[in-house]
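Colleague: Just so we're aligned, residue -6 is where the sequence shown starts under this note's numbering, counting upward by one. Structure below; questions to follow.
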Amino acid sequence: MIGLNEKEAKGIVNNETLGYFIGRVYLFLACLGIDKERLRFRQHLANEMAHYAANCWDAEIECSHGWIECVGIADRSTYDLHAHTEKSGVALLAQRNFQKLGKWRNMIACNVFQKLVIAPVKKELGLAFKGSQKNVVEALEAMNEKEAMEMKAALESKGEEKKKEHQRVFIPLVIEPSFGIGRIIYCLYEHSFYTRPSKAGDEQLNVFRFPPLVAPIKCTVFPLVQNQQHDEVAKVISKLLKVPGISHKIDITVTSIGKRYARTDELGVPFAITVDSTSSVTI
């Protein structure tokens, strides 16, 4: 296994932003309670890739049905904004101004860079392409710097020159994470479920070990033994838990403490508050 930084360096992950979202999805699923040993990320093959995607990864979780796709993370590049621009006729661009110089507040910092300038030799293009010369020239002049660098060896140009820019104008890229909530919850149920032997050892009890973050019920409150004083303390604790909105369940039924703990485990409640003889009546 290799880390995200190494994947980016080797070109396995398209860019740092896509790697960031893959990392965030991993942390999110682990935080929910998904078993890290049964979580993996798989890159789409070329024949699986959607027409809009430059790169795509799936978060797959192993369950009783095998490895299933639960999250898709697509690098849609500039596909969306190009499509909107083409249909609407309005260029959807973003711009980033270069920072002001701290010492000279009235001056804007300029970015000095080396840029390849395309200067097609129209005479030679006219001889080669005749009636199509204009279209070829327009296509060459519209090329971005990356495309120009790729064709540098095949074009006659003025070479490289220094230019100053006060801002950078660009088409934003789109990263689209898509979560299958139902599948994630199903896998969470499987990963959180286990059985433990009863105290008597004559049966297996069901347990859900939900993390407190996702547990529907955060805690249960019950008296150790049944008596009015303990019941009243449990009710006071319940009222206090309602103030900050902590979801809880109070159990003052005439049942053994062991069975009430078992009911708590079966609901996936992470915490229990037990009122016993050492509990103070004053809360």
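We put the beta carbon where it would ideally sit given N, CA and C, even for glycine.
Should the stretch 207 to 226 be regarded as contacting the stretch 158 to 173, the criterion being three or more beta carbon pairs within less than 8 Å?
Modeller: No: the two stretches stay apart, fewer than three of their Cβ pairs being nearer than 8 Å.
Colleague: Nearest CA to the CA of R17: which residue from A52, S125 and F91?
Modeller: Comparing Cα positions, the closest option is A52.
Colleague: Specify the secondary structure class of L32 as computed by DSSP and reduced to three states.
Modeller: L32: strand per DSSP, three-state reduction.
Colleague: Might you give, ordered along the chain, the residues of its own chain that have their beta carbon closer than 7 Å to the beta carbon of R98, omitting 5 neighbours on each side?
Modeller: With a pLDDT of 44 at R98, under the threshold of 50, the predicted position of this residue should be treated as unreliable, though the coordinate-derived value follows. Excluding residues within five positions, none has a Cβ falling inside 7 Å.
Colleague: Using the rule of at least 16 other Cβ atoms within 10 Å of the residue's Cβ for burial, across every protein chain shown, is P216 buried or exposed?
Modeller: Buried: at least 16 other Cβ atoms inside 10 Å.
Colleague: Are at least three pairs of beta-carbons, each pair with one atom in the stretch 20 to 31 and one in the stretch 54 to 70, less than 8 Å apart?
Modeller: Segments in contact, yes.
Colleague: Give the DSSP-derived three-state secondary structure of G175 in the structure shown.
Modeller: Here G175 sits in helix by DSSP.
Colleague: Name the residue from C49, Y45 and N128 whose alpha carbon lies nearest to the alpha carbon of L74.
Modeller: If we check each option's Cα against that of L74, Y45 comes out closest.
Colleague: Between the beta-carbon of P204 and the beta-carbon of S240, is there less than 9 Å?
Modeller: It is not a contact, given that the beta carbons lie outside the stated cut-off.
Colleague: Roughly how many angstroms separate the alpha carbons of V268 and I168, rounded to a whole number?
Modeller: Cα to Cα, V268 sits roughly 51 Å from I168.
Colleague: Any idea what DSSP makes of A280, helix, strand or coil?
Modeller: This structure cannot settle anything about residue 280, because the visible part of the chain is limited to -6 through 276.
Colleague: Counting only the same chain and skipping the five closest in sequence on each side, list residues whose C-beta sits under 7 Å from that of E55.
Modeller: Answer for E55: R31, listed in chain order.
Colleague: Which residue marks the beginning of the beta strand (DSSP E) containing R161, and which one marks its end?
Modeller: Start and end: Q160 to F163.
Colleague: What is the DSSP secondary structure of N40, counted as helix, strand or coil?
Modeller: DSSP places N40 in coil when its eight states are reduced to three.
Colleague: Determine the extent of the beta strand (DSSP E) in which L198 is found, giving its start and end residues.
Modeller: That run of the beta strand (DSSP E) goes Q197 to F201.
Colleague: Assign D51 to one of three DSSP states: helix, strand, or coil.
Modeller: D51 falls in the strand class under three-state DSSP.
Colleague: Thinking just about the alpha-carbon of each residue, which of R69, M42 and H37 is nearest to the one in T10?
Modeller: Ranking R69, M42 and H37 by Cα distance to T10 puts R69 first.
Colleague: Quick check on the DSSP output: the beta strand (DSSP E) that includes Y187 runs from which residue to which?
Modeller: Where Y187 is concerned, the enclosing beta strand (DSSP E) stretches over F186 to P190.
Colleague: Among residues of its own chain, excluding the 5 on either side of A132, which ones have a beta-carbon nearer than 6 Å to its beta-carbon?
Modeller: So no residue of the chain qualifies.
Colleague: Taking K252 as part of the alpha helix (DSSP H), name the residues at either end of that continuous run.
Modeller: Element bounds for K252: I250 to L260.
Colleague: Which residues in the same chain as R176 place their Cβ atom closer than 8 Å to its Cβ, once the five residues preceding and following it in sequence are excluded?
Modeller: I54, I61, E62 and C63.
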